[in-house]
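Participant: Structure below; questions to follow.
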Amino acid sequence: MIIIADSSPLISLAIINKLHLLNKIFQEIIVPFSVYEEIAQTDKKFSIILQEWTKPFIKKCNNIEAFKAYRLSLGKGESEAIVLSKEFKNSILLLDDKKARKVAKLENQKIIGTIGILISAKDKGLIPEIKSSLMLLEEHDIHLSKALIEKALEITGE
Numbered sequence: 001m002i003i004i005a006d007s008s009p010l011i012s013l014a015i016i017n018k019l020h021l022l023n024k025i026f027q028e029i030i031v032p033f034s035v036y037e038e039i040a041q042t043d044k045k046f047s048i049i050l051q052e053w054t055k056p057f058i059k060k061c062n063n064i065e066a067f068k069a070y071r072l073s074l075g076k077g078e079s080e081a082i083v084l085s086k087e088f089k090n091s092i093l094l095l096d097d098k099k100a101r102k103v104a105k106l107e108n109q110k111i112i113g114t115i116g117i118l119i120s121a122k123d124k125g126l127i128p129e130i131k132s133s134l135m136l137l138e139e140h141d142i143h144l145s146k147a148l149i150e151k152a153l154e155i156t157g158e
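Okay, so the sequence shown: first residue is 1 according to UniProt numbering, each after it adds one.
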């Protein structure tokens, strides 16, 4: 399975030191060029790590007109990710942004978020639990709704 990643989930996974999970869960990783640009403009300490990690996975979308159409309502990264998900038919979008997820769902694209990656990793025995990762995200001002945290912990039996 192919995963096409937006910047927010990549940043979240970098913060909790879980980027490696993507390599273990998915056969191919695609990082839209626009996402790489967004990451490169960030001055956070994890920016250099993310830039290096994403370089082998960078791809540009071919359908510039579709990209421009999505840009009317979404950011560059989300727009290019959705266009690439249409170009790579057997793919899943890694998105956390609510608006982008809504658009992707309307386009019948498969979606997973940061928490979904953590749940999948626990299900596959790649990590022993997700609670500490969720708390670490909260400590780094990655805001998760209480309901979402509770549901994730319920799913994983924590």
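Each residue gets a CB set at the ideal place from its N, CA and C atoms; glycine is no exception.
Please determine, among Leu72, Lys102, Asp96, Lys110, the residue with the shortest C-alpha to C-alpha distance to Leu84.
Facilitator: As a first step, residue 84 is located in the sequence shown; it is residue number 84 there, counting from the start. If we check each option's Cα against that of Leu84, Lys110 comes out closest.
Participant: Within 10 angstroms of its Cβ, does Asp97 collect 16 or more other Cβ (buried), or is it exposed?
Facilitator: The sequence position of residue 97 within the sequence shown is 97, counting from 1. Flag for Asp97 reads buried.
Participant: Taking the beta carbon of Ala81 as the centre, do at least 16 other beta carbons fall within 10 Å, making it buried, or is it exposed?
Facilitator: Within the sequence shown, residue 81 is the residue found at index 81, counting from 1. By the neighbour-count rule (16 or more Cβ atoms within 10 Å), Ala81 is buried.
Participant: Counting only the same chain and skipping the five closest in sequence on each side, list residues whose C-beta sits under 6 Å from that of Thr114.
Facilitator: Here residue 114 is taken as the residue at index 114 of the sequence shown, counted from 1. Excluding sequence neighbours, Thr114 sits near Pro9, Ser12, Asp96.
Participant: Apart from the five residues on each side of it in sequence, which residues of its chain come closer than 7 Å, Cβ to Cβ, to Asn62?
Facilitator: For the purposes of this step, residue 62 is identified with residue 62 of the sequence shown, where counting begins at 1. Counting only Cβ-Cβ distances below 7 Å, and skipping sequence neighbours, we find Glu87.
Participant: Whole angstroms are fine: how far does the CA of Pro128 sit from the CA of Glu107?
Facilitator: For the purposes of this step, residue 107 is taken as residue 107 along the sequence shown, with counting starting at 1. For the purposes of this step, residue 128 is taken as residue 128 along the sequence shown, with counting starting at 1. Going from the Cα of Glu107 to the Cα of Pro128 covers about 34 Å.
Participant: Please tell me whether Phe67 and Ile30 are closer than 7 Å, where the distance is taken between their beta carbons.
Facilitator: For the purposes of this step, residue 67 is taken as the residue at position 67 of the sequence shown. For the purposes of this step, residue 30 is taken as the residue at position 30 of the sequence shown. It is not a contact, given that the beta carbons lie outside the stated cut-off.
Participant: Along the chain, which unbroken stretches of the alpha helix (DSSP H) at least 4 residues long are found entirely within the stretch 66 to 111?
Facilitator: Here the runs fully enclosed are 76 to 87, 98 to 106.
Participant: Flag this pair as yes or no: are the beta carbons of Ile130 and Lys124 separated by less than 7 Å?
Facilitator: Looking up residue 130 in the sequence shown gives position 130. Looking up residue 124 in the sequence shown gives position 124. No. Outside cutoff.
Participant: Apart from the five residues on each side of it in sequence, which residues of its chain come closer than 6 Å, Cβ to Cβ, to Arg101?
Facilitator: Numbered from its first residue, the sequence shown carries residue 101 at position 101. The residues are Leu95, Ile111.
Participant: Should Ile64 and Ile119 be called a contact, given that it needs their Cβ atoms to be closer than 7 Å?
Facilitator: Here residue 64 refers to the residue found at position 64 when the sequence shown is read from its first residue. Here residue 119 refers to the residue found at position 119 when the sequence shown is read from its first residue. Against a cut-off of 7 Å, the Cβ pair of Ile119 and Ile64 comes out as no contact.
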